[in-house]
Amino acid sequence: MRVIPIVAAGLLVSLTALYAFQMPFRVLRSQEGYDNMVLPPDYQDHNEFVIGRLMYPSGGGGGRRGGGGGNWVYGGTMWSNDYPIGDRAFARILRRLTRVDARSVEQPVNLNDGDDVFNWPWLYAAHVETMDLTDTMVKKLHEYLDRGGFFYVDDFWGDTGWAAFMQTMARVLPGAQAEDIPDTDPIYHLLFDLQDKFMVANHNEFVRTGLPYHAGAGANIAHWRGIRDAKGRIIVVMNLNSDVGDSWEWADRPEYPEKYSNMGMRISTNYAAYAMTH
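Numbering-wise, our numbering puts 1362 at position 112 of the sequence shown, and it's gapless, one number per residue.
Here it is as structure tokens:
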């Protein structure tokens, strides 16, 4: 934990010259109605770590382009699931459990905003089976990862969800191979030792059925997968058949078991540490 602030501080210095070109903090519509939340005092600060929330147009599993209706640029579509309440809950955990100077609010990141994505080294996205990226966006995401960005993918389910997302990744990283990340990998031991990983429940399914997972072929076993660059660094992590975003969003609700929130927070903290130190 001591090394993380040092590395993060170096990253902060390297990005200082780019602050003038960053998109300002903005609040967009939440798919689940978490609008008009009170902003914390540091919402415009330049911190060591900011949770980048990837915006994207939806199609495929999300129905028509837009992912449930509306213009994705303004939120309210699939990319904004669990946003912003989940992002801010995870930011609080980072501030509590580490010495990383994490901003208390997320940053919605649009790949069409020029070079803005390069200012946010850590991107989180949910329901990625619905992503419908344009060729321009694919090129920008490829360059982002090639420059050392870290992409955290969550809350997609089953064989169909996996196949749909990997079709997108075949465009972004042609020829890249996904793997099940072994328990011995450093990513699972930077802050917490995570040999005991288990599926992180979807809130609605657990409340409705008592089961943690969505119905569908291949959706009942959690997989923790990754894609590495040519040097062996993990640049994409994929929580297939887990809903870590719900573990952030519902962490303080009694109907959502603590064990799921605990696992989701620990995994995500390790991912943040890995992204800042590798």
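Heads up, the beta-carbon is just placed ideally off N, CA and C, and yes, glycines get one too.
> When you compare each of D1405, L1383, E1429 and I1471 to W1498 by their alpha carbons, which one comes out closest?
Replying inline: Of the candidates D1405, L1383, E1429 and I1471, the one whose C-alpha sits nearest the C-alpha of W1498 is D1405.
> Who does M1381 pair with in a DSSP beta bridge?
Replying inline: S1308
> Does the count of Cβ pairs from the stretch 1375-1384 and the stretch 1289-1300 closer than 8 Å reach three?
Replying inline: no
>> According to DSSP, is E1499 part of a helix, a strand, or is it coil?
In response: helix
> Going by alpha carbons, who is nearest to R1303 out of G1495, G1468, H1392 and R1421?
Replying inline: G1495
>> For L1373, list the residues DSSP reports as bridge partners.
In response: G1302 and F1401
> Shortest alpha-carbon distance to W1372 belongs to which of R1458, A1352, G1460 and N1362?
Replying inline: A1352
>> Using a Cβ-Cβ cutoff of less than 7 Å, which residues in the same chain neighbour G1325 once the five nearest sequence positions on both sides are dropped?
In response: L1278, R1279 and S1280
> Does the pairing of the stretch 1391-1402 with the stretch 1334-1343 give three or more beta-carbon distances under 8 Å?
Replying inline: no
> Which ranges would you report for the beta strand (DSSP E) in the stretch 1316-1372 if only whole runs of at least 3 residues count?
Replying inline: Qualifying beta strand (DSSP E) stretches, in chain order: 1357-1359.
>> Comparing C-alpha positions only, which one of W1474, R1516 and V1403 sits nearest to Y1374?
In response: V1403
> For R1503, is the classification buried or exposed, using 16 other Cβ atoms within 10 angstroms of its Cβ as the cut-off for buried?
Replying inline: exposed
>> Taking the straight line between their C-alpha atoms, what separation do you get for A1522 and D1435?
In response: Distance between the alpha carbons of A1522 and D1435: 15 Å.
> When the Cα atoms are used, what is the spatial distance from A1413 to R1516?
Replying inline: 27 Å
> From L1262 to R1349, what does the alpha carbon distance come to, in whole angstroms?
Replying inline: Here L1262 scores only 39 on pLDDT, less than 50, and its place in the model is too uncertain to base an answer on.
> By the 10 Å Cβ neighbour count, where 16 or more other Cβ atoms means buried, how is N1321 classified, buried or exposed?
Replying inline: Residue burial is scored here from C-beta neighbours: N1321 has fewer than 16 other C-beta atoms within 10 angstroms and is therefore classed as exposed.
>> Taking the beta carbon of Q1357 as the centre, do at least 16 other beta carbons fall within 10 Å, making it buried, or is it exposed?
In response: Under this definition Q1357 is a buried residue.
>> What does the Cβ neighbour count give for D1332, buried or exposed, with the cut at 16 atoms within 10 Å?
In response: Around the CB of D1332, 16 or more other CB atoms lie within 10 Å, so the residue is classed as buried.
>> Using only CA atoms, which one of V1487, N1360 and G1468 lies nearest to A1437?
In response: The sequence as given places Ile at residue 1437; Ala does not occur at that position. Of V1487, N1360 and G1468, the residue nearest in Cα terms is V1487.
> Which residues bound the alpha helix (DSSP H) around M1419?
Replying inline: G1408 to V1422
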